[in-house]
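Asks: If you read the sequence shown in my numbering, its first letter stands for residue 844, the second for the next number, and so on.
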Amino acid sequence: MSGEGDEPQAIRKLAPGKLVIASHNPGKVREIAELLDGHGLDVVSAKALDLPEPDETGTTFVANAELKARAAADLSGLPALADDSGLCVDALGGDPGIFSARWAGESKDFNEAMRRIEDNLARLDAPPRDAHFVCALALAWPDGHVEWFEGRVDGTLVWPPRGDKGFGYDPMFLPNGETETFGEMDQARKHAISHRADAFRQLVRAVF
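(1) Please state the DSSP three-state secondary structure of Ile864.
(2) For Gly1065, write down the residues that DSSP places opposite it in a beta bridge.
(3) Need the endpoints of the beta strand (DSSP E) that Leu884 sits in, please.
(4) Relative to the alpha-carbon of Thr900, which residue among His975, Asp938, Lys911 and Lys890 has its alpha-carbon at the smallest distance?
(5) Using CA atoms only, rank isn't needed, just tell me which of Leu878, Arg966 and Asp917 is closest to Arg1048.
(6) Taking the alpha-carbon positions, what's the Gln1045 to Ala969 distance?
(7) Within the continuous beta strand (DSSP E) that includes Leu879, where are the two ends?
(8) Among the residues of its own chain, which have a CB less than 7 Å from the CB of Ala915, if the five just before and after it don't count?
(9) Under a Cβ-count criterion, where at least 16 other Cβ atoms within 10 Å of its own Cβ denotes burial, should Glu955 be classed as buried or exposed?
(10) Which residue from Thr903, Tyr1012, Pro859 and Ala934 puts its Cα closest to that of Leu884?
(11) Mapping DSSP to helix, strand and coil, what is Asp1029?
(12) Look at the alpha carbon of Ala876 and the alpha carbon of Val1001, and state the distance between them as a whole number of angstroms.
(13) If you follow the beta strand (DSSP E) that Ala925 is part of, which residue opens it and which one closes it?
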């Protein structure tokens, strides 16, 4: 999906070469690099390039992903890929949503963030525990062109959290039809069914 104007445009292809992953989250960088493996890209993180983290002022996952991708492409002079993702809990009105990382605070303590979700659910009268992860990907070039893609996976929340794989809210998220949380699941299995995998399948079909 093109980020330029309202008229439909052909999706731009991504040539082999260096690509900036516009993230300072090592777990996210690792996962994105694994999903891009085999496509002839030399990936480097924004943190490795000492690029600043822009303020995420968008009101949607797509807007924040585009903001981060554009900033990294502008500063590096290279194509840049950004991910904005989060956990949306139905009974909490979609929270934490685009604020998923902020719920973990300055220290990025996702154990505390998961506890905050559970505490909020406990204040409700036997709420449903349905939730979904969303991943928006934005691929930006230094000339300002942007393509974006959005994926989703549905599931339920467990408590206490289970597993020490993955990152973020993975240990409390049980995908529909599975017996293991993302925190327990083999990463190859997670990559096959996750919200990020869904978005990446769309990206790979479109730009390679």
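Ideal Cβ placement from N, Cα and C applies to all residues, glycine included.
Replies: Result, derived from the coordinates:
(1) Residue numbering aside, residue 864 sits at position 21 when the sequence shown is read from its first letter. Residue state, collapsed to three classes: strand.
(2) With the chain covering 844 to 1051 only, the question about residue 1065 has no answer from this structure.
(3) To locate residue 884, count along the sequence shown from 1; it is residue 41. From DSSP, the beta strand (DSSP E) with Leu884 extends over Leu884 to Ser888.
(4) For this step, residue 900 is matched to residue 57 along the sequence shown. Residue Lys911 is the option with its Cα nearest to Thr900.
(5) Within the sequence shown, residue 1048 is the residue found at index 205, counting from 1. Selected option, being the one with the closest Cα: Leu878.
(6) Locating residue 1045 in the sequence shown gives position 202, counting from the first residue. Locating residue 969 in the sequence shown gives position 126, counting from the first residue. Distance between Gln1045 and Ala969, taken at the CA atoms: about 37 Å.
(7) Stepping through the sequence shown from its first residue, residue 879 is reached at position 36. DSSP places Leu879 outside any beta strand (DSSP E); the residue lies instead in the alpha helix (DSSP H), whose first and last residues are Pro869 to Leu879.
(8) Along the sequence shown, read from residue 1 onward, the residue named residue 915 stands at position 72. Correct list, in chain order: Val863, Ala865, Ala889, Leu894, Ala923 and Ala925.
(9) Walking along the sequence shown from the start, residue 955 turns up at place 112. By the 16-neighbour rule on beta-carbons within 10 angstroms, Glu955 is exposed.
(10) The count along the sequence shown starts at 1 and reaches residue 884 at position 41. Ranked by Cα distance from Leu884, the options Thr903, Tyr1012, Pro859 and Ala934 are led by Pro859.
(11) As a first step, residue 1029 is located in the sequence shown; it is residue number 186 there, counting from the start. DSSP places Asp1029 in coil when its eight states are reduced to three.
(12) As a first step, residue 876 must be located in the sequence shown, where it is residue number 33. As a first step, residue 1001 must be located in the sequence shown, where it is residue number 158. Looking at the two C-alpha atoms, the distance is approximately 28 Å.
(13) Translated into positions along the sequence shown, residue 925 becomes position 82. Counting along the chain, Ala925 sits inside the beta strand (DSSP E) bounded by residues Ala923 to Val932.
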